[in-house]
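Take a look at the structure below.
Numbering (my numbering), first residue to last: 77 to 366.
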């Protein structure tokens with residue numbers, strides 16, 4: 077059985093009218109688990125009511141809790157979200173439990189991690205960053221979903237995270253941020269992606285953009301998928317569901333890049349038509365786009 081771990085934040089998304097469990101690594105873990113994949117999340121929650129609610133949600137939805145640490149000093153994470161025409165505006169609370177994810181010996185068994193999925197947000201505090209670095213060194217294949225939020229990044233950390241990755245997923249805005257940060261002079265999207273691919277010795281780079289074609293470059297070919305025409309109401313979690321479904325199709329089920337990208341795009345698009353980052357998505361909805 078493959079060892080698949082996600083690393084980073086599990087938290088509560090606080091909307092003006094509701095509260096939803098979230099955090100990009102959690103969203104990916106949840107969707108992978110819904111596919112019947114044995115996956116665990118490495119994170120930390122507070123010893124508080126919101127932390128208890130996280131554990132209750134995990135147990136109710138048959139998610140593993142053994143790599144969720146309980147922090148007695150810091151609170152469970154929260155993000156305040158406002159939607160403007162479906163696009164989320166985030167206010168991420170600082171100094172919370174997932175900023176201090178400990179390194180535990182249980183993470184490192186005799187077998188290396190087959191697929192390790194991580195982002196940049198959990199590196200904003202050096203405690204979690206140091207834990208992440210140890211896990212990266214213990215992993216066979218590293219999948220980075222950049223997920224840049226607010227000002228929680230710097231060039232040095234991004235350089236390390238991308239150089240450590242085998243597979244990089246970014247959206248178009250993040251691609252342009254990397255272009256400026258690493259002084260890439262080209263203006264064409266595909267050329268910028270190819271330069272990043274080569275400079276960071278990646279195996280795959282995936283660029284997502286809900287309004288235009290998404291694509292993957294594997295070192296030889298660009299694989300494209302046209303955007304889907306849906307009525308979006310909430311874009312939170314779209315990229316996370318995209319990534320989880322791609323991992324399932326391509327790395328687990330061994331489907332083609334083109335087919336995997338199409339299925340991933342469908343999951344991402346359907347997510348935007350529903351409230352919350354991890355909505356129920358059934359096979360009939362997927363089939364309607366095929």
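Just so it is clear, CB atoms sit at the ideal spot from N, CA and C, and this is done for glycine as well.
Every value quoted in this text rests on a predicted model; they were computed, and no experiment measured them.
Problem - Whole-angstrom distance between residue 197 and residue 225, CA atom to CA atom - result: The C-alpha of residue 197 is placed about 7 Å away from the C-alpha of residue 225.
Handout entry: residue 301 - partner residues in DSSP beta bridges
Key = 290
Handout entry: Short Cβ contact (8 Å threshold) for residue 353 with residue 127
Key = no
Handout entry: Range of the contiguous alpha helix (DSSP H) that encloses residue 132
Key = 125-136
Problem - Delimiting residues of the beta strand (DSSP E) encompassing residue 165 - result: 163-168
Problem - residue 352 - DSSP class collapsed to helix/strand/coil - result: Here residue 352 sits in coil by DSSP.
Handout entry: Secondary structure of residue 217, DSSP reduced to three states
Key = strand
Exercise for the section: Name the residue from 107, 86, 260 and 173 whose alpha carbon lies nearest to the alpha carbon of residue 357. Expected result: Here the closest residue by C-alpha is 107.
Practice task
Tell whether a beta-carbon distance below 8 Å holds between residue 221 and residue 315.
Solution key: yes
Practice task
Kindly indicate which residue of 227, 240, 290 and 312 has the alpha-carbon position closest to the one of residue 277.
Solution key: 240
Exercise for the section: Let me know the secondary structure DSSP gives residue 141 once reduced to three states. Expected result: coil
Exercise for the section: Return the CA-CA distance between residue 125 and residue 255, expressed in angstroms with no decimal places. Expected result: 42 Å
Problem - Pairwise C-alpha distance: residue 332 and residue 324 - result: 12 Å
Exercise for the section: Report yes if the C-beta distance between residue 214 and residue 184 is below 8 Å; otherwise report no. Expected result: yes
Exercise for the section: Quick one: give me the first and last residue of the beta strand (DSSP E) that residue 122 is part of. Expected result: 115-122
Practice task
Starting from residue 266, follow the alpha helix (DSSP H) in both directions and report where the run begins and ends.
Solution key: That run of the alpha helix (DSSP H) goes 265-275.
Problem - Alpha carbon of residue 133 to alpha carbon of residue 208, nearest angstrom - result: 25 Å
Exercise for the section: Give the secondary structure of residue 278 by DSSP, where H, G and I count as helix, E and B as strand, and everything else as coil. Expected result: coil
Practice task
Confirm, please, whether the CB-CB distance from residue 195 to residue 173 is below 8 Å.
Solution key: no
Handout entry: For residue 155, three-class secondary structure by DSSP
Key = strand
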